[in-house]
Amino acid sequence: MDNALLVGLSRQVALRRELDVIANNIANLNTTGFKGESVMFEQYLDPTARHEYFPGNDRRIAFVLDRATLQNFSQGPLQRTEAPLDVAIDGPGFFAVQTPNGERYTRAGNFHLNPQGQLVTNNGQPVLGNAGPIVFEPTDTNIAIAADGTVSATNAEGQVGERGKLRIVTFANPAQLTAQGDSLWSAPATMAPQLAQPTTRAIQGALEKSNVQAVKEMNRLLEVTRAYTSISNMQQRTDELRRRAIEKLAEV
Amino acid sequence: MRALYTAATGMMAQELNVEVISNNIANMRTTGFKKQRAEFQDLMYQNLRRVGTTTSDQGTRLPAGLDIGAGVKVVSTPRIMNQGNITMTEKDLDIAIRGEGFFRVTLPDGRTAYTRAGSFERDDQGRIVTPEGYLLDPQITIPQNATGITINQAGQVSVTIFGQTQPTELGQIQLARFVNKNGLQPMGDNLYLETASSGTPQLSNPGLDGAGNLLQRQLETANVNAVTEISDLIAAQRAYSMNAKVVSAADEMLQSTANMLR
Chain A
1 MDNALLVGLS RQVALRRELD VIANNIANLN TTGFKGESVM FEQYLDPTAR HEYFPGNDRR
61 IAFVLDRATL QNFSQGPLQR TEAPLDVAID GPGFFAVQTP NGERYTRAGN FHLNPQGQLV
121 TNNGQPVLGN AGPIVFEPTD TNIAIAADGT VSATNAEGQV GERGKLRIVT FANPAQLTAQ
181 GDSLWSAPAT MAPQLAQPTT RAIQGALEKS NVQAVKEMNR LLEVTRAYTS ISNMQQRTDE
241 LRRRAIEKLA EV
Chain B
1001 MRALYTAATG MMAQELNVEV ISNNIANMRT TGFKKQRAEF QDLMYQNLRR VGTTTSDQGT
1061 RLPAGLDIGA GVKVVSTPRI MNQGNITMTE KDLDIAIRGE GFFRVTLPDG RTAYTRAGSF
1121 ERDDQGRIVT PEGYLLDPQI TIPQNATGIT INQAGQVSVT IFGQTQPTEL GQIQLARFVN
1181 KNGLQPMGDN LYLETASSGT PQLSNPGLDG AGNLLQRQLE TANVNAVTEI SDLIAAQRAY
1241 SMNAKVVSAA DEMLQSTANM LR
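What follows is the structure, given as structure tokens:
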């Protein structure tokens, strides 16, 4: 008898987690370079269902477990901003960022300059080129970023010079990257970054928007609420059933 | 329920986004205005199951973890320092900058501020001042009997004095450049202040070191593009209402839980 309640409970706990994930996706609807997540559920079979007094074979009971959150690394839409230090990645790949905790990776290309002329992220962490941080001269103008990530600028004498090349990397299995907030991902020590394929392009003057699809999220939101409510109803029925049983049995 | 708070961070972020966009639209006709943009980042994640954890003594590992994010935050509202359009005004002391530099202005308290808005006036002593009456630095005084003010591309100001045939040079307008223009602190009145993150200003004459040229009798309009602002506004408003929907969904779920107990 308890099984119905417990199976329902396992589903409700999983649904609440799913709602948390949907809420995070929707909260990040406008976050540059954000990648949406989805929850992966798994059936958990209880091998020892104790229904000795039922005729026929034992049925196995299936509980539900939320096993993992999967990040969807698909391309987000590109929005043109025309700001010279906005860079979007078209294709698989990440910018490498130098943080106090080691190298981190991001898809958010809304870069800035710091007073030393270094190319930095929104949090002031240097963006890495193939040969360390990318540094500009104080008098540089017309910063240009080519499709392969080469960064060049015009100096005071009007000569165009190369200032570095953005290090765009890919991973054998991006699912193993851990999102750690601040639009950054960290890679496990066992998975080394590789330089991205030439088909991955850097696009200057554009930003990659969040790849969360609002329609899909609202749909899932509806689904979660309805499923949760129907399980609540089922729990109520089970509860009533048991209450009646106790009442009737007491009368005998 | 975590979703309630996550959605609340989303609503707060979008509210700020609408504030930034509305300020951009309000300043669509402000001379030398540079639009701002709200930039977002995801908050930290709670690791419920860590990716790569060993799942058996055979060395099998979890291919994906269970990470639940806590929402969104606004990190900065940088200015997009693009060149604005140039319009003809036919007013002698309207000066537009084509390039990267800023005019220097002396504030009444002695500090120096920087501006792109080149709509200057003359005060009672003939000095070139901003519409608020703050002095242009270096100071340039136009004599009373002067006619025909000319400011050339390199920033030299010259006038014709009544009765003289040769123009007289009055002074040189200088421009300041910053390594990180986005790091300037806006103080209203179209003025900016130097900060630790903008770097120290480098002074140069217009036309040199990438400071840009001066264009007399022209003004730089705001670099706000109405179409993109309105579409950003729509996106922000929709995102706000979707976050509100998450709040009500979480509320509904809590309610149905509460109703289970009779």
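Keeping their order, the protein sequence lines are chains A and B.
To convert, note that position 247 of the first sequence is 247 in this note's numbering; the numbers rise steadily by one, no gaps.
Just add 1000 to wherever you are in the second sequence, counting from 1, and you've got this note's numbering.
The beta carbon of each residue, even a glycine, is placed where N, CA and C say it ideally should be.
Predicted model only: the values in this text are computed from it and were never measured.
Taken atom to atom, the span from the alpha-carbon of threonine 1112 (chain B) to that of valine 1105 (chain B) is near 6 Å. Membership of methionine 218 (chain A) in any beta strand (DSSP E) is not indicated; the residue belongs instead to the alpha helix (DSSP H) covering 214–251. Chain B has a Cβ within less than 9 Å of the Cβ of glutamine 12 (chain A).
Around the Cβ of phenylalanine 1162 (chain B), a 10 Å sphere holds fewer than 16 other Cβ atoms; the residue is exposed. Straight across, the Cα-Cα distance linking asparagine 1213 (chain B) with glutamate 1229 (chain B) is about 29 Å.
When secondary structure is reduced to three states using DSSP, threonine 141 (chain A) falls in the strand class. In this chain, the alpha helix (DSSP H) harbouring glycine 1010 (chain B) covers 1002–1026.
DSSP places glutamate 18 (chain A) in the helix class (H, G or I) of the three-state scheme. For alanine 96 (chain A), the enclosing beta strand (DSSP E) has its first and last residue at 94–99. Leucine 5 (chain A) sits in a helix when the DSSP states are folded into three classes. Where leucine 1175 (chain B) is concerned, there is no enclosing alpha helix (DSSP H), although the beta strand (DSSP E) around it starts and stops at 1175–1177.
Counting only Cβ-Cβ distances below 8 Å, glycine 102 (chain A) has no contacts in chain B at all, with the closest Cβ about 16 Å away. Between glutamate 162 (chain A) and threonine 150 (chain A), the C-beta gap is smaller than 9 Å, which places the two residues in contact.
Nearest to isoleucine 22 (chain A) by alpha-carbon distance, out of A:Leu113, A:Met218, A:Gln43, is A:Met218. Residue B:Ala1222 holds the alpha-carbon nearest to the alpha-carbon of arginine 1029 (chain B) among B:Phe1120, B:Gln1153, B:Ala1222, B:Gln1172.
Here glycine 1199 (chain B) has Phe1178, Val1179, Asn1180 as same chain residues with Cβ atoms under 6 Å from its own Cβ, once five neighbours each way along the sequence are excluded. DSSP places leucine 1233 (chain B) inside the alpha helix (DSSP H), whose first and last residues are 1226–1259.
Note that the C-beta distance between leucine 166 (chain A) and isoleucine 134 (chain A) is below 9 Å. Interface annotation, alanine 156 (chain A): in contact with chain B, CB-CB separation under 9 Å.
For threonine 69 (chain A), the neighbours in chain B by C-beta distance under 8 Å run, in chain order, Ala1064, Gly1065, Leu1066, Asp1067, Ile1068. Bridge pairing for leucine 1062 (chain B): absent [DSSP].
Not a single CB atom of chain B sits nearer than 9 Å to the CB of glutamate 247 (chain A). B:Met1081 is the residue among B:Met1011, B:Tyr1005, B:Leu1004, B:Met1081 whose C-alpha sits nearest the C-alpha of lysine 1034 (chain B).
Judged by their CB atoms, threonine 1031 (chain B) and alanine 1070 (chain B) are not nearer to each other than the 9 Å cut-off. Separation of glutamine 1144 (chain B) and glycine 158 (chain A) (C-alpha to C-alpha, rounded to the nearest whole angstrom) is 41 Å. Listed by position along chain B, the residues whose Cβ is nearer than 7 Å to that of glycine 117 (chain A) are Val1179. For asparagine 1023 (chain B), the closest of B:Ser1241, B:Asp1232, B:Leu1261 by C-alpha to C-alpha distance is B:Asp1232. In this structure, the straight-line span from the alpha carbon of asparagine 155 (chain A) to that of leucine 1107 (chain B) is close to 32 Å. Scanning A:Thr31, A:Ala131, A:Asp2, A:Val13 for the CA closest to the CA of arginine 107 (chain A) turns up A:Thr31.
For leucine 1043 (chain B), the C-beta contacts it makes with chain A under 7 Å involve Gly181, in order along the chain.
With respect to the C-alpha of methionine 191 (chain A), the residue from A:Lys209, A:Gln75, A:Thr170 having the closest C-alpha is A:Thr170. Between the stretch 1081–1092 of chain B and the stretch 1163–1170 of chain B, the count of Cβ pairs shorter than 8 Å is below three; the stretches do not touch. For a Cβ distance threshold of 7 Å, residue set Met1253, Ser1256 of chain B lies close to tyrosine 228 (chain A), ordered along the chain. In this structure, alanine 1003 (chain B) and valine 1246 (chain B) form a Cβ contact; the two beta carbons are roughly 6 Å apart against a cut-off of 8 Å. Using a CB distance below 9 Å, the part of the stretch 1004–1015 of chain B facing chain A consists of Leu1004, Tyr1005, Thr1006, Ala1007, Ala1008, Thr1009, Gly1010, Met1011, Ala1013, Gln1014, ordered along the chain. Assignment of isoleucine 26 (chain A) by DSSP, reduced to helix, strand and coil, places it in the helix class.
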